[in-house]
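Listed below in structure tokens is the structure:
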């Protein structure tokens, strides 16, 4: 177990550093530190999501008895993925830090002196996501590995497949970051994100209750009364933030598909950019696609 845990501790931060270095070093790219950090963090999250979804499909499809059947990949992948949630708290902060600097919230020369202020702001703004990651490590990890006692691998595998929505979420963040809300890719990805998030995260626990009801031959509405109270409590606590994040996705999708988004095509912002350049204290418009104007709120989820 410790070997698998150590492998995850090396793999995810190592992949992040490797990706960042490649984006900064490849002659055709030569991205800035901030660009490389933000895109690398999204890339690692997407790769973890693909790995988790693949593992979940293998586990769930191999369990004929959804309560008693076991698969070696269940505990192994949990051990491997736990370091990801610790690493991702750091990666999310670095993304937040560089976005603050690009938007002009911090002068580059003074930025290191305000790291503690940025950290406080980050924890306040991303409290729910940070709490989610902390709970995954401190509660879900020991429950999944030790408390289950080898039962319910099927349910664990289905929960892994909730990560299937993450790549579209990450791509959406990158497109918003680079002001590509007007593109067809952003609209297609937005629709895909809405569908996958609803299926993989919102319908997740109702499906698990349905699967158990079918297994135990009891009606769906009787399942909550038939399972231990702590199972209902855990399901409710895990589902609540998913409903909140889904409401944010729906709001964003409504703005996107009704044409009421606050984002504009790059050409429409040229005048504003020129006006900003007349101010000697304003940050210059970056050539990497960032804008000093505030972008529409983005979904903070994985």
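Residue numbers (mature numbering (1 follows the signal peptide of the UniProt record, and there is no 0)): -17 to -1, 1 to 285.
Note that beta-carbon positions come from the ideal geometry of N, C-alpha and C, so glycine has one too.
Leaving out the 5 sequence neighbours to the left and right, which residues in its chain are closer than 8 Å to residue 14 when beta-carbon positions are compared? 6, 7, 22 and 271
Residue 60: buried (16+ other C-beta within 10 angstroms of its C-beta) or exposed? buried
Sufficient close CB pairs (3 or more, under 8 Å) joining the stretch 170 to 181 to the stretch 203 to 210: no
Alpha-carbon to alpha-carbon, residue 191 and residue 138: 7 Å
Unbroken alpha helix (DSSP H) runs of length 4 or more, entirely within the stretch 66 to 151: which are they? 98 to 108, 110 to 118 and 136 to 143
Out of 119, 141, -17 and 66, which has the shortest C-alpha to C-alpha gap to residue 38? 141
Just to confirm the assignment, what range does the alpha helix (DSSP H) spanning residue 184 have? Run containing residue 184: none; DSSP gives neither H nor E here.
With a threshold of 16 other CB atoms inside 10 Å of the CB of residue 184, please say whether the residue is buried or exposed. buried
Distance check for residue 36 and residue 166, CA to CA, integer angstroms please. 28 Å
Candidates 238, -12, 134 and 78, of which the one nearest residue 50 by Cα: 134
Can the beta-carbon of residue 62 be found less than 7 Å from the beta-carbon of residue -17? yes
Short of 7 Å in beta carbon distance, which residues of its chain neighbour residue 149, apart from the five on each side in sequence? Order them along the chain. 28, 29, 32 and 285
Specify the secondary structure class of residue -4 as computed by DSSP and reduced to three states. helix
Backbone CA spacing between residue -13 and residue 120 [nearest angstrom]: 12 Å
If you reduce the DSSP assignment to three classes, tell me which class residue 304 lands in. Beyond the ends of the chain as shown, which are -17 and 285, falls residue 304; an answer cannot be given.
Nearest CA to the CA of residue 239: which residue from 106, 26 and 170? 170
At a threshold of 6 Å, does residue 222 count as lining the ligand GDP (C-beta to nearest heavy atom)? Of the ligands one can find in the structure shown there are none, so the ligand GDP has no counterpart to examine.
Considering Cα atoms alone, identify which of 26, 40 and 48 is closest to residue 198. 48
Thinking residue -6 and residue 66 are a contact (beta carbons under 8 Å), I'd like their distance in whole angstroms, please. 6 Å
Please classify residue 24: does DSSP put it in a helix, a strand, or coil? helix
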